[in-house]
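J.:
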Amino acid sequence: MLVTMSAMLLTAAPVHVTAAPIALPGVGASVALPGAVVSPFAGDFQPVAAMAVSPLALAASLPAIEIFTQGLPTQDIPPVGPAPLGTPPVQRTSNDIIVTGRKETAGDPLRAVNAESFAVTQKVDDAVIGPVARTYKKTVPSPIRRGIHNFLYNLREPIVFLNFLLQFKPGKAAETVGRFAINTTIGVAGVLDMAKKKPFHLPRRSNGFANTLGYYGVKNGPFLFLPLVGPTTIRDLLGGAIDRLILPVAIGKPFTSTAYAIPAGILGALDHRSEFDQTLKDLHDNSPDPYAATRSFYLNRRQAEIDHLHGRVEGDPAGMSGPPPSVVPFVPSDLEPGARPVSEVPMEAPVVATPEVDAKPAAETGQ
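Per the numbering used here, the sequence shown starts with residue -18, numbered consecutively.
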């Protein structure tokens, strides 16, 4: 009987346990334990499981054990999917867990909050950030803007180098060291990108800890749209935070000084916003769903960048740090690689949660 109980505990669905008294040799007394529904999610799972998997220990301490069942109220619930004619209704007990609802788009459980944050951010961008960035682009001469851009990205080369090492790509790591050395010296502290020109031909590559996590199979996690940050994911947010800590922790001043950090942050934001001005117009003005377009664009580019590290696709090695040539027209057919739009996801009937069927939204497909 104990073997039978152990087998039933390994099943996914709740089961009722019924047992005859167990007679142990040389013992006349007995201990009665009220019966219950054995379910991995029920509160009585642990004591019953202990009895099933440790018969020798119980036999040593208890003379005999009787397990009685007690009837628990049941009610009908709709079966999952179409059932053959004549199939009796599914029974459940009061201890079962019933999960109902509609599948949300994979990887975007916070869609309502994200969409609201996106709308607020867009209002601020339309009123302040966008006009300032466009003024910066129109009034500051192109050579100066390009010099600021090159200087800021040259400071990222040690981070790129470190992550190529973590990805076991010594060749690209060596090229990154060469770029940094050439641009820091001949390129006047990185203001001029001499490394990409003849005779060096060393293109700038994008890399970071978020890429390293994705390279080794860490998934995106939920998509987020955050004020001041923009589109991101849990994985990318964590990786970006580590990137920003490398220089202040490893070198210290001037990277820990507000006299450097504030101007560098402002210039970096203006540079990035002005570089992506046309892309943002395409995403926001030429799409029936700007939030969905922004999310799809971000996730697909991030996936392409990680696929590029694996050698699966060819493309711009600069990755997310550079704007694409064009995204017009951009009407996403899906919200992330492999996912279906919310409008195409049908309502589901209630299901009984089991260990094999996780009671969560559809698993995300992003890397």
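We treat Cβ as the ideally placed atom computed from N, Cα and C, and that holds for glycine.
Terminal residues of the continuous beta strand (DSSP E) containing residue 212?
T.: Element bounds for residue 212: 211 to 214.
J.: Please go through the segment 231 to 267 and give each complete beta strand (DSSP E) segment of 3 or more residues, from N-terminal end onward.
T.: Correct list: empty.
J.: Which partner residues of residue 350 appear in the DSSP bridge assignment?
T.: Since the first and last residues shown for the chain are -18 and 348, residue 350 lies out of range.
J.: If we count Cβ pairs, one from each stretch, closer than 8 Å, do we get three or more for the segment 135 to 146 versus the segment 176 to 189?
T.: Yes, they touch.
J.: Does DSSP classify residue 156 as helix, strand or coil?
T.: Three-state DSSP puts residue 156 in a helix.
J.: Excluding the 5 residues flanking residue 158 on each side, which residues of the same chain have their C-beta closer than 7 Å to its C-beta?
T.: These residues qualify, in order along the chain: 142.
J.: With 16 other CB atoms within 10 Å as the buried threshold, where does residue 176 fall?
T.: Buried, because 16 or more other Cβ atoms sit within 10 Å of the Cβ of residue 176.
J.: Check residue 187 in the structure and name its three-state DSSP category.
T.: Three-state DSSP puts residue 187 in coil, outside helix and strand.
J.: Go to residue 119, then tell me how far its alpha helix (DSSP H) extends in each direction, as first and last residue.
T.: Segment 111 to 120, the alpha helix (DSSP H) holding residue 119.
J.: Under 8 Å between the Cβ atoms of residue 271 and residue 264?
T.: Yes.
J.: What are the boundary residues of the alpha helix (DSSP H) that residue 148 is part of?
T.: Here residue 148 belongs to no alpha helix (DSSP H), and DSSP marks it neither H nor E.
J.: Tell me which residues share the same chain as residue 290 and place their Cβ nearer than 6 Å to its Cβ, disregarding the 5 neighbours each side in the sequence.
T.: These residues qualify, in order along the chain: 196.
J.: CB residue 207 to CB residue 213, shorter than 8 Å?
T.: For residue 207 and residue 213, yes; Cβs fall inside 8 Å.
J.: Going by beta-carbon coordinates alone, are residue 258 and residue 118 separated by less than 8 Å?
T.: Yes, Cβ-Cβ distance for residue 258 and residue 118 is below 8 Å.
J.: Considering Cα atoms alone, identify which of 168, 194, 144 is closest to residue 130.
T.: That would be 168, whose Cα lies nearest to the Cα of residue 130.
J.: When the distance is taken between beta carbons, is residue 229 closer than 8 Å to residue 239?
T.: No, they are not a contact pair.
J.: In this structure, how does DSSP classify residue 201 when only helix, strand and coil are distinguished?
T.: Looking at residue 201 - three-state DSSP - the assignment turns out to be coil, as it is neither helix nor strand.
J.: Compute the Euclidean distance between the alpha carbons of residue 146 and residue 107, then round it to the nearest angstrom.
T.: C-alpha separation (whole angstroms): 41 Å.
J.: Restricting to Cα atoms, I'd like to know which of 286, 293, 114 is closest to residue 305.
T.: Cα-wise, what sits closest to residue 305 is 286.
J.: Since residue 91 and residue 205 should fall inside the 8 Å C-beta cutoff, what is the C-beta to C-beta distance between them, to a whole number of angstroms?
T.: With a Cβ gap of about 7 Å, residue 91 and residue 205 count as contacting.
J.: Just curious, the alpha helix (DSSP H) that residue 92 is in, first and last residue?
T.: Where residue 92 is concerned, the enclosing alpha helix (DSSP H) stretches over 92 to 105.
J.: Measure the C-alpha to C-alpha separation of residue 133 and residue 267 and round it to an integer number of angstroms.
T.: About 31 Å.
J.: Might you give, ordered along the chain, the residues of its own chain that have their beta carbon closer than 7 Å to the beta carbon of residue 256, omitting 5 neighbours on each side?
T.: Contacts found: 304.
J.: Could you please give the first and the last residue of the uninterrupted alpha helix (DSSP H) stretch that includes residue 290?
T.: Note, residue 290: alpha helix (DSSP H), 271 to 290.
J.: Starting from residue 124, trace the alpha helix (DSSP H) in both directions and tell me its first and last residue.
T.: Unbroken alpha helix (DSSP H) run through residue 124: 123 to 135.
J.: Judging by CA-CA distance, which residue of 295, 199, 180 is the nearest neighbour of residue 163?
T.: For residue 163, the nearest C-alpha among the options comes from 180.
J.: Spatial neighbours of residue 193 within its chain, please: C-beta separation below 8 Å, excluding the five flanking residues on both sides.
T.: For residue 193, where only same-chain residues beyond five positions count, the Cβ hits under 8 Å are 144, 147, 148, 220.
J.: For residue 277, is the classification buried or exposed, using 16 other Cβ atoms within 10 angstroms of its Cβ as the cut-off for buried?
T.: So residue 277 ends up on the buried side.
J.: Quick one: is residue 160 buried, meaning 16 or more other Cβ sit within 10 Å of its Cβ, or exposed?
T.: It is buried - the Cβ of residue 160 has at least 16 other Cβ atoms within 10 Å.
J.: Alpha carbon to alpha carbon, how far is residue 110 from residue 211?
T.: Each residue's alpha carbon lies about 13 Å from the other.
J.: Buried or exposed, going by whether 16 or more other CB atoms sit within 10 Å of the CB of residue 171?
T.: Looking at its Cβ environment, which holds 16 or more other Cβ atoms inside 10 Å, residue 171 is buried.
J.: Whose CA, out of 200, 165, 96, 252, lies closest to the CA of residue 123?
T.: Closest by alpha carbon: 252.
J.: Inspect the beta-carbon positions of residue 99 and residue 260 and report whether they are closer than 8 Å.
T.: Result no, Cβ atoms of residue 99 and residue 260 do not sit closer than 8 Å.
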